[in-house]
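Take a look at the structure below.
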Amino acid sequence: ELNDQTGSITAKLLENVNKLITKESDKFNVMLSNQLGDTSYKERFAYFYRTNNVQFTIVSDYVYDGGKGLFERSPYIMKIQISRSRTLTYLTFVGVHLKPENVYSEFKNLRKVVDELDSKRQNKR
8 ELNDQTGSIT AKLLENVNKL ITKESDKFNV MLSNQLGDTS YKERFAYFYR
58 TNNVQFTIVS DYVYDGGKGL FERSPYIMKI QISRSRTLTY LTFVGVHLKP
108 ENVYSEFKNL RKVVDELDSK RQNKR
């Protein structure tokens, strides 16, 4: 997670990482969430990925909205479709930063996130 109000720090980090890479096809890209948090302290989630490592398409990325008060910073979810794989066609990432004071309840609430993702997957069969 990143404390980056405008996204400029993330862009600079991505730029600096990619400056170190000479081969264009080995460069990184990033998916960045909006600012998240119920208090004045906000964070973003970022998924950095190599554009050539795995052939995939980003199917969706969104912030979990399962109800007020479940998380200080709601999970950032990204689903990708993987090409050229015989066993794995979709992969879902769930990025979360649990508040230390609420770690037990927020961790328990992750079950709701997983159940919802599983339900969506089952409905698409």
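Using this note's numbering, read the sequence shown as starting at 8 and increasing by one per residue. For glycine and all other residues, C-beta sits at the position ideal for the given N, C-alpha and C. Note that the structure is a prediction, hence the values are computed from the model and not measured.
Could you have a look at aspartate 125 and say whether DSSP puts it in helix, strand or coil?
As a position in the sequence shown, residue 125 is number 118, starting the count at 1. In the structure shown, aspartate 125 sits in a helix (DSSP, three-state: H, G or I).
Do you know how far the Cα of leucine 117 is from the Cα of glycine 76?
Counting from one through the sequence shown, the residue named residue 76 turns up at place 69. Counting from one through the sequence shown, the residue named residue 117 turns up at place 110. Going from the Cα of glycine 76 to the Cα of leucine 117 covers about 13 Å.
List the endpoints of the continuous alpha helix (DSSP H) containing leucine 21.
The residue labelled residue 21 in the question sits at position 14 within the sequence shown. Where leucine 21 is concerned, the enclosing alpha helix (DSSP H) stretches over 15 to 26.
Minimum C-alpha distance to leucine 124 - residue among Val70, Ser92 and Arg93
For this step, residue 124 is matched to residue 117 along the sequence shown. Ranking the options by Cα distance to leucine 124, first place goes to Val70.
Assuming lysine 34 and asparagine 25 are in contact, meaning their beta carbons sit under 8 Å apart, how far apart are those beta carbons, in whole angstroms?
Numbered from its first residue, the sequence shown carries residue 34 at position 27. Numbered from its first residue, the sequence shown carries residue 25 at position 18. That belief holds up - the Cβ atoms of lysine 34 and asparagine 25 are roughly 5 Å apart, short of 8 Å.
So what does DSSP say about arginine 93, is it helix, strand or coil?
Reading the sequence shown from its first residue, position 86 is the one you call residue 93. In the structure shown, arginine 93 sits in coil (DSSP, three-state: anything other than H, G, I, E or B).
Hey, would you say tyrosine 54 sits closer than 8 Å to valine 66, going by beta carbons?
Sequence index remark: in the sequence shown, residue 54 carries index 47 (1-based). Sequence index remark: in the sequence shown, residue 66 carries index 59 (1-based). No; because the gap between Cβ atoms is not below 8 Å, this pair is not in contact.
Which of helix, strand or coil DSSP assigns to asparagine 36:
Within the sequence shown, residue 36 is the residue found at index 29, counting from 1. It is a strand residue.
Excluding the 5 residues preceding and the 5 following phenylalanine 4 in the sequence, name in chain order all residues of the same chain whose CB lies nearer than 7 Å to its CB.
A query on residue 4 cannot be resolved here, the shown segment of the chain reaching from 8 to 132 and no further.
Go ahead and label isoleucine 84 buried or exposed: buried means 16 or more other beta carbons lie within 10 angstroms of its beta carbon, across all protein chains shown.
To locate residue 84, count along the sequence shown from 1; it is residue 77. Classification of isoleucine 84: buried, given that the 10 Å Cβ count is 16 or more.
Closest by CA to arginine 1, which one among Asp68, Leu21, Leu39 and Ser15?
Outside the displayed span of the chain (8 to 132) sits residue 1, for which this structure offers no information.
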